Amino acid sequence: MINKIRKHSTELTRAGDANKLSEQLNYNGARRSYCPTNAYIENQPVNRYDSSLQLRQLRSEMVRVAAVQGPALDGYIVTSDDEHQSETVDPHDMRREFLTGFTGSTGEVIVTIDKAVLWTDGRYHIQADHQLDCNWILMKEGQYDIKLQNSRWWNMIDDGI
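Residue numbers in the sequence shown follow numbering that gives the first Met the number 0, run continuously in steps of one, and reach 160 at the last position.
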């Protein structure tokens, strides 16, 4: 009986792996308006936020932590909620907004050494496109082959984003 269970679970794993391989993962995100910046220097949205400094500081800290404490940080995840997972977030807990400049109520971020990605749902596609600078890849959930962020974070880090 145990051998049959093991054999059956192996077959399920193989089938699951086959489905994973055939699935196309899109890490390029949506086409961005007014990007690259140098091509549209005079025509940037007025509410676009320059996140260059925040990204540079975060990436510097990721490298410093790796040098001082050991294993490197492959990615840094910032969610929309606070440490208590409250429905409304106090201004001092708006980490995602501080890092990205995106003020929508829903959006998750992953930052690696060379990429920065924000996921948001259909309510905020246009707003995110205008508020995020060209340092960011915008993943518009519900469009094309963009999957929900939670199921993709670890795949992105494993794939080197």
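A virtual CB, placed ideally from N, CA and C, is assigned to each residue, including glycine.
Model, not experiment: these values are computed from the prediction.
Nearest-angstrom Cα separation, counted from Ala38 out to Gln142 | Position 143 of the sequence shown, counted from the first residue, corresponds to residue 142. Position 39 of the sequence shown, counted from the first residue, corresponds to residue 38. Distance between the alpha carbons of Gln142 and Ala38: 26 Å.
Option nearest Ala71 by Cα separation, candidates Thr78, Asp81, Ser59, Asp80 | Locating residue 71 in the sequence shown gives position 72, counting from the first residue. Among Thr78, Asp81, Ser59, Asp80, the Cα nearest to that of Ala71 is on Ser59.
Near Asp128, what residues of its chain come up, given a Cβ to Cβ distance below 7 Å and the 5 sequence neighbours on each side ignored?
-> Locating residue 128 in the sequence shown gives position 129, where the first residue counts as 1. The beta carbon of Asp128 sits closer than 7 Å to the beta carbons of Arg31, Ser32, Leu137 from its chain, once the five residues preceding and following it are set aside; these are given in chain order.
Taking 7 Å as the cut-off, decide whether the C-beta atoms of Glu99 and Ser51 are in contact.
-> Here residue 99 is taken as the residue at index 100 of the sequence shown, counted from 1. Here residue 51 is taken as the residue at index 52 of the sequence shown, counted from 1. Sequence check: residue 99 is Thr here, not Glu. No Cβ-Cβ contact shorter than 7 Å links Thr99 with Ser51.
Can you find at least 3 beta carbon pairs, one from the stretch 74-83 and one from the stretch 101-115, that sit closer than 8 Å?
-> Contact between the stretch 74-83 and the stretch 101-115 is present, with at least three C-beta pairs closer than 8 Å.
Beta-carbon proximity list for Trp118, same chain, < 7 Å, skipping 5 on both sides | The sequence position of residue 118 within the sequence shown is 119, counting from 1. Around Trp118: Gly106, Glu107, Met138, Glu140, Gln148.
Per-residue burial, Asp132 [other beta carbons within 10 Å of its own, 16 or more giving buried] = Within the sequence shown, numbered from 1, the residue matching residue 132 stands at position 133. Buried, by the Cβ-count rule.
Kindly indicate which three-state DSSP category Ile112 falls into: helix, strand or coil?
-> Taking the sequence shown and counting its residues from 1, one reaches residue 112 at position 113. If DSSP states are grouped into helix, strand and coil, Ile112 belongs with coil.
Buried or exposed: Arg95, going by 16 or more other Cβ atoms within 10 Å of its Cβ?
-> Here residue 95 corresponds to residue number 96 of the sequence shown, with the count starting at 1. Buried is the call here.
Compare the Cα-Cα distances from Ser104 to each of Arg122, Ala115, Gln53 and report the closest residue.
-> Translated into the one-based positions of the sequence shown, residue 104 becomes position 105. With distances taken between CA atoms, Ser104 lies nearest to Arg122 out of Arg122, Ala115, Gln53.
Distance between Ala115 and Val88 (C-alpha atoms, nearest Å) = For this step, residue 88 is matched to residue 89 along the sequence shown. For this step, residue 115 is matched to residue 116 along the sequence shown. The straight-line gap separating the alpha-carbon atoms of Val88 and Ala115 is approximately 23 Å.
Excluding the five sequence neighbours on either side, which residues of its own chain have a C-beta within less than 7 Å of the C-beta of Asn134, listed in chain order?
-> On the sequence shown, residue 134 is found 135 positions in, with the first residue counted as 1. Cβ neighbours of Asn134 beyond the five flanking positions: Ser50, Ser51, Leu54, Ala115.
For Ala29, which residues of its own chain have a beta-carbon under 6 Å away from its beta-carbon, when the five flanking residues on both sides are left out?
-> Numbered from its first residue, the sequence shown carries residue 29 at position 30. Hits under 6 Å: Leu137, Lys139.
Label Gln56 either buried or exposed according to how many other C-beta atoms from any shown protein chain fall within 10 Å of its C-beta, with 16 as the threshold for buried.
-> Counting from 1 along the sequence shown, the entry for residue 56 is found at position 57. The C-beta of Gln56 has fewer than 16 other C-beta atoms within 10 Å across all chains shown, which makes the residue exposed.
Residue range of the unbroken beta strand (DSSP E) whose run includes Val77 | Residue mapping note: residue 77 aligns to position 78 of the sequence shown, counting from 1. Run containing Val77: 75-77, per the beta strand (DSSP E) assignment.
Contact set for Gln84: own chain, Cβ-Cβ below 6 Å, skip 5 residues either direction = Position 85 of the sequence shown, counted from the first residue, corresponds to residue 84. Closer than 6 Å at Cβ, skipping near neighbours: no residue.
For the alpha helix (DSSP H) containing Met61, list its first residue and its last residue.
-> As a working note, residue 61 is residue 62 in the sequence shown. Counting along the chain, Met61 sits inside the alpha helix (DSSP H) bounded by residues 51-68.
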